[in-house]
Amino acid sequence: MKKKAIPLVLAFVFCLLLPLPARANAAEPPQLSVVVLNPPQGLELSLVFSWEGQEEPVPAEATRLAWEGYYLFRPFNFPGFWEGSSSPQDMAVALLVETPEESFTLPLDTQFLNQDTGAYYNNLCVLDLQSRALTAGQPWWRQPLLVFLRVALTLLLEGIVFFLFGYRQKRSWILFFLVNGLTQLFVNLLLLNFVGALGNLYSAKLAFWFLYLPMEILVILLELFLFCPMLKEKKRWNAVLYTIAANLCSWLLGGALLAYLPI
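Under the working numbering, the residues of the sequence shown are numbered 99 to 361, in order.
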């Protein structure tokens, strides 16, 4: 029975890897994405397009994840006289910021809007309400903090499972942190590179099923390969069961983090 456990698990994982027909339809990526840290209640952002006496405001699609507010401007909402790189040279664009207490505008370089959506998909603009400044890119600490949070929460959950399976020896815990720390860091860095900043706003389900889930399956196989011969505090089948249980919990937690925590 013990000898059959690992082949059965591998066969089950292999079945999960078999291709299945799927259909996907995602919204057009935003042409401009503005992030506001801890946005106040009632904050509204709009792009105001002006050309030859015409003025047309375009409100942002607003949403929030954790401490970040996201304000997305999609091309299909832009006025008719905006035509990407062929837009009139004298067209002016401003970002209108409105709160219940105040409102102000920030001039916007139209070059921001002339980039392809694919290029701007991975760009962030951060709006600082106190200094009234719009900065391209993101704070240097943002991605390290998010990766740390995801890895730490996953290690905490898997550590609880590890403890419940009866592992107490120092050697076992050192192996746990080495293997799980490296694999979870690898998964999160791949997510960051392939999904990209703000990707979870409109591709969380696709990222979960077609990227995160296959990576977790590979992680299970890798951890089975490492834990079974090296985790010697208990019998081998115990290591197999722990690896499957811990990664199932990690899989569920990862799906929740993709939906509720920024990427």
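Quick reminder that beta carbons are idealized off the backbone N, C-alpha and C, glycines included.
Review point. Around the Cβ of Ala344, are there at least 16 other Cβ atoms within 10 angstroms (buried) or fewer (exposed)?
Key: With 16 or more other Cβ atoms within 10 Å, it is buried.
Review point. Alpha carbon to alpha carbon, what distance is there between Leu356 and Leu322?
Key: 25 angstroms
Practice item. Excluding the 5 residues preceding and the 5 following Glu154 in the sequence, name in chain order all residues of the same chain whose CB lies nearer than 6 angstroms to its CB. Key: Cβ neighbours of Glu154 beyond the five flanking positions: Phe147, Pro177.
**Study point:** Reduced DSSP secondary structure (H/G/I, E/B, other) of Leu283
**Key:** Note: Leu283 maps to helix in three-state DSSP.
Exercise for review: Return the residue from the list Pro198, Ser270, Leu262 that minimises the CA-CA distance to Pro327.
Suggested key: Ser270
**Study point:** Bridge-paired residues (DSSP) for Glu321
**Key:** Partner(s): none; Glu321 has no beta bridge.
Check your understanding: Looking at the unbroken beta strand (DSSP E) that takes in Trp238, where does it start and where does it end?
Key -> Premise fails: Trp238 is in no beta strand (DSSP E) and is neither H nor E.
Review point. Pick from Ile272, Leu288, Glu199: whose alpha carbon is nearest that of Leu316?
Key: Leu288
Practice item. Kindly list the residues whose CB is nearer than 7 angstroms to the CB of Glu331, restricted to its own chain and excluding five residues on each side of it in sequence; keep chain order. Key: Tyr265, Gln267, Ser270
Practice item. Give me the Cβ distance between Leu329 and Ala337, rounded to the nearest whole Å; I'm assuming they're in contact under 8 angstroms. Key: 4 angstroms
**Study point:** For Ala312, three-class secondary structure by DSSP
**Key:** A small correction: the amino acid at residue 312 is Pro; Ala does not occupy that position in the sequence shown. Note: Pro312 maps to helix in three-state DSSP.
Exercise for review: Could you please give the first and the last residue of the uninterrupted alpha helix (DSSP H) stretch that includes Arg334?
Suggested key: 334–358
Check your understanding: Just how far apart, CA to CA, sit Leu364 and Pro360?
Key -> Because the chain spans 99 through 361 in this model, residue 364 falls outside it and cannot be assessed.
Point to revise | Thr215 versus Val277 - alpha carbon distance | key: A caution first: Thr215 carries a pLDDT of 42, below 50, which makes its placement in the model unreliable, though a value can still be read off. Going from the Cα of Thr215 to the Cα of Val277 covers about 38 angstroms.
Point to revise | Where the beta strand (DSSP E) through Thr203 begins and ends | key: 201–206
Check your understanding: Phe246 by DSSP, collapsed to three states: which one?
Key -> helix
Point to revise | Residues that Cys223 bridges to, as DSSP identifies them | key: Val132, Ala234
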